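Sequential numbering from 5 applies to the sequence shown in my numbering. Note that the Cβ used here is the ideal one computed from N, Cα and C, for glycine as well. Here the structure is a predicted model, which is why all the values come from computation and not from measurement. Report on one structure; see the data block that follows.
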Amino acid sequence: MLIGPTLGRYFAWRFARTILGVFVTVFALVYTLDFVELLRRAGDTQGASAGLMAQLALYRTPAVAESVLPFAILFGSMTALLQLSRKLELVVARAAGISAWQFLQPGAFVALAIGVIAIGAYNPLSAALKQRSSEIEAKIFAKATKAGTGKDFWIRQRSIDGQAILRAETAIEGTTTLAGVSAFLFDDSGVFTAQIEAARAILHDGWWELQDVRVLTKDSPPESHDSYLIASTLDLSQLRQRFTPPESVPFWQLPETIARHERAGLDATRYRLRYDVLLATPLLYLAMVLVAATVSLRFFRFGGVGKLVLGGVAAGFVLYVARQVMEGLGASGMVAPTVAAWFPAVVGSLLGTLTLLYQEDG
Numbered sequence: 005m006l007i008g009p010t011l012g013r014y015f016a017w018r019f020a021r022t023i024l025g026v027f028v029t030v031f032a033l034v035y036t037l038d039f040v041e042l043l044r045r046a047g048d049t050q051g052a053s054a055g056l057m058a059q060l061a062l063y064r065t066p067a068v069a070e071s072v073l074p075f076a077i078l079f080g081s082m083t084a085l086l087q088l089s090r091k092l093e094l095v096v097a098r099a100a101g102i103s104a105w106q107f108l109q110p111g112a113f114v115a116l117a118i119g120v121i122a123i124g125a126y127n128p129l130s131a132a133l134k135q136r137s138s139e140i141e142a143k144i145f146a147k148a149t150k151a152g153t154g155k156d157f158w159i160r161q162r163s164i165d166g167q168a169i170l171r172a173e174t175a176i177e178g179t180t181t182l183a184g185v186s187a188f189l190f191d192d193s194g195v196f197t198a199q200i201e202a203a204r205a206i207l208h209d210g211w212w213e214l215q216d217v218r219v220l221t222k223d224s225p226p227e228s229h230d231s232y233l234i235a236s237t238l239d240l241s242q243l244r245q246r247f248t249p250p251e252s253v254p255f256w257q258l259p260e261t262i263a264r265h266e267r268a269g270l271d272a273t274r275y276r277l278r279y280d281v282l283l284a285t286p287l288l289y290l291a292m293v294l295v296a297a298t299v300s301l302r303f304f305r306f307g308g309v310g311k312l313v314l315g316g317v318a319a320g321f322v323l324y325v326a327r328q329v330m331e332g333l334g335a336s337g338m339v340a341p342t343v344a345a346w347f348p349a350v351v352g353s354l355l356g357t358l359t360l361l362y363q364e365d366g
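Written out as C-alpha cells, the structure reads:
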C-alpha cells in the first residue's frame with residue numbers, strides 16, 4: 005500500500021533536505037582541504053595564483069565527492085529518521101496505521117532519484133571537470149620542481165629511429181598528451197644518443213610531437229627547438245587506455261569506449277566494470293536507506309539509540325568495503341564484472357529488507 009501524497013511529499017522533503025545537507029558539508033570539506041593542498045603545491049610557481057587554485061580545486065572536488073555520496077545517503081537517511089522519531093512524528097504515523105514500509109517509500113524514492121541523477125548528470129559533469137583539471141595541472145605544474153607526485157609515467161618504445169624511454173610528470177586524461185616530458189634516446193645497439201626535455205609530448209599516428217624542447221647530446225651544446233619529432237610504433241588506443249582511468253570516462257561514453265576497445269582487441273574489463281557499477285548505483289543508494297532504517301526506527305524513549313547508530317555506521321562501512329573488494333576482484337578478472345558490480349548492492353538491499361522484516365513483522 006502506498007503512502008498518502010501529502011505525507012509522502014513531507015517525508016520525501018525531509019529525506020532530501022538532510023541528504024543534501026550532508027553532501028554539501030562533505031563537498032565543502034573536500035574542497036577546502038584540496039584548495040589548501042593546491043596552494044601548498046603551487047608555492048612560488050609562476051601563474052599559480054590563488055584564484056586559479058580555487059578554480060582548480062572546484063574542478064577536482066566533484067569527482068572525489070562522488071565517491072562519498074553513498075555515505076551522504078546513509079547519514080542523511082539516518083538523520084531524517086532520527087529527527088522524525090525524536091519529534092514523535094513516526095509515533096503519530098504508526099498510530100494512524102502507517103507501517104514502516106509505507107513511510108520508507110519516500111526515502112526509497114529519493115535515493116533512487118538521486119542515483120539516477122548521479123549517473124545521468126552528475127557523473128558526466130564530474131568526469132568533464134576532472135579532465136579539465138588535469139589539463140590545467142599539466143600547464144601549471146609540468147615544469148615546477150615541486151610538482152612531482154611520485155606517480156611519473158614511464159614509456160619504452162622501439163622504432164625506426166632506435167629505442168626511446170619517455171618519462172612524464174602528468175598525463176592529460178582522455179588524450180594522448182603528456183606534460184613535463186623527459187625522453188632518453190638510444191640507437192639500435194643500445195648506446196645513448198640524446199636526452200630531450202619537453203613541456204609537452206603528443207602522440208600522433210606514427211610519431212611523437214614534442215613541444216618547447218631542449219636537446220642535450222654528448223658531443224654538442226644544448227639546443228632549443230619549438231618542436232621535435234620522434235618516430236613511434238605505439239598504438240593510440242592503448243596509450244589512451246593506459247592514461248585514462250575508467251573513473252574519468254563519462255557514463256554516456258562508456259558503452260562506446262567498451263565497444264572501441266573490444267574492436268581494437270584491447271581488454272575492456274575495467275570499463276565494463278565501471279559501467280555496471282554505475283548502473284547499480286541507484287540500488288546501492290536504496291540499500292543505504294534500508295540500512296539506515298534498520299538502526300533509526302527505534303523510539304528515543306526506549307534508549308540505546310546511540311549504539312544502533314554506531315551499528316548503522318559500521319554496517320555502511322562494511323558495505324562500502326565489500327563494494328571495493330568486489331570491484332578489485334572484478335578488475336582483476338577473478339569475478340565477472342556484472343557480478344562484482346551488482347553483488348554489494350543486491351546483498352545490502354536483501355539484508356536490509358530482511359532485518360526490517362524481522363524488526364517490524366516479527
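Please work out which residues of its chain come closer than 6 Å, Cβ to Cβ, to residue i, disregarding the five sequence neighbours upstream and downstream, and give them in chain order.
| i | result |
| --- | --- |
| Thr153 | A caution first: Thr153 carries a pLDDT of 43, below 50, which makes its placement in the model too unreliable to give a value. |
| Lys134 | Ala67 and Ser252 |
| Ala46 | Ala52 and Met57 |
| Phe247 | Ala175 |
| Leu361 | none |
| Gly111 | Phe19, Ser81 and Val293 |
Cα separation between residue i and residue j?
| i | j | result |
| --- | --- | --- |
| Val40 | Trp105 | 45 Å |
| Ser353 | Ala335 | 23 Å |
| Gly119 | Ile200 | 48 Å |
| Ser71 | Gln328 | 11 Å |
| Thr149 | Ala344 | Unreliable placement is indicated for Thr149, whose pLDDT of 39 sits below 50; the coordinate value is still reported in the next sentence. If I take the Cα positions, the gap works out to 41 Å. |
| Leu73 | His208 | 38 Å |
| Phe19 | Arg98 | 18 Å |
| Gln363 | Trp346 | 26 Å |
| Thr342 | Leu333 | 11 Å |
| Ile102 | Glu331 | 39 Å |
| Lys311 | Arg44 | 40 Å |
| Ser368 | Thr65 | An answer regarding residue 368 cannot be provided, because it is not within the stretch 5 to 366 covered by the chain. |
What is the DSSP secondary structure of residue i, reduced to helix, strand or coil?
| i | result |
| --- | --- |
| Asp230 | strand |
| Gly337 | coil |
| Ile164 | coil |
| Glu372 | This structure cannot speak to residue 372, because the chain is shown only from 5 to 366. |
| Gly352 | helix |
| Val219 | strand |
| Ala370 | Any question about residue 370 goes unanswered here, given that the chain covers just 5 to 366. |
| Leu214 | strand |
| Ile200 | strand |
| Ser186 | strand |
| Ile77 | helix |
| Thr298 | helix |
| Ile7 | coil |
Give a yes or no on whether 9 Å exceeds the smallest Cβ distance from residue i to chain B.
| i | result |
| --- | --- |
| Thr174 | Structure shown: chain B not included; a single protein chain is present. |
Under 7 Å Cβ to Cβ from residue i, same chain only, skipping five residues before and after it: list those, please.
| i | result |
| --- | --- |
| Tyr275 | Pro250, Val253, Leu258, Thr261, Ile262 and His265 |
| Pro128 | Pro254, Phe255 and Trp256 |
| Arg30 | In the sequence as displayed, the identity of residue 30 is Val instead of Arg. Ala69, Val72 and Ala76. |
For residue i, collect the residues of the same chain with a Cβ closer than 8 Å to its Cβ; drop the 5 residues on either side in sequence, then sort them by chain order.
| i | result |
| --- | --- |
| Leu189 | Asp165, Gly166, Gln167, Ala168, Phe196, Thr197, Ala198, Gln199, Ile200 and Ile234 |
Inter-stretch contact (C-beta, 8 Å, three-pair minimum) for the segment 136-146 and the segment 70-82: Not touching, per the Cβ criterion.
Three or more C-beta pairs below 8 Å linking the segment 50-61 and the segment 119-129: Result no; under three Cβ-Cβ pairs closer than 8 Å.
Sufficient close CB pairs (3 or more, under 8 Å) joining the segment 274-287 to the segment 251-258: Taking 8 Å as the limit for Cβ pairs, the verdict is that the segment 251-258 does touch the segment 274-287.
At least 3 beta-carbon pairs within less than 8 Å: the segment 230-241 vs the segment 212-219: Under the 8 Å Cβ criterion, the segment 230-241 counts as touching the segment 212-219, having at least three qualifying pairs.
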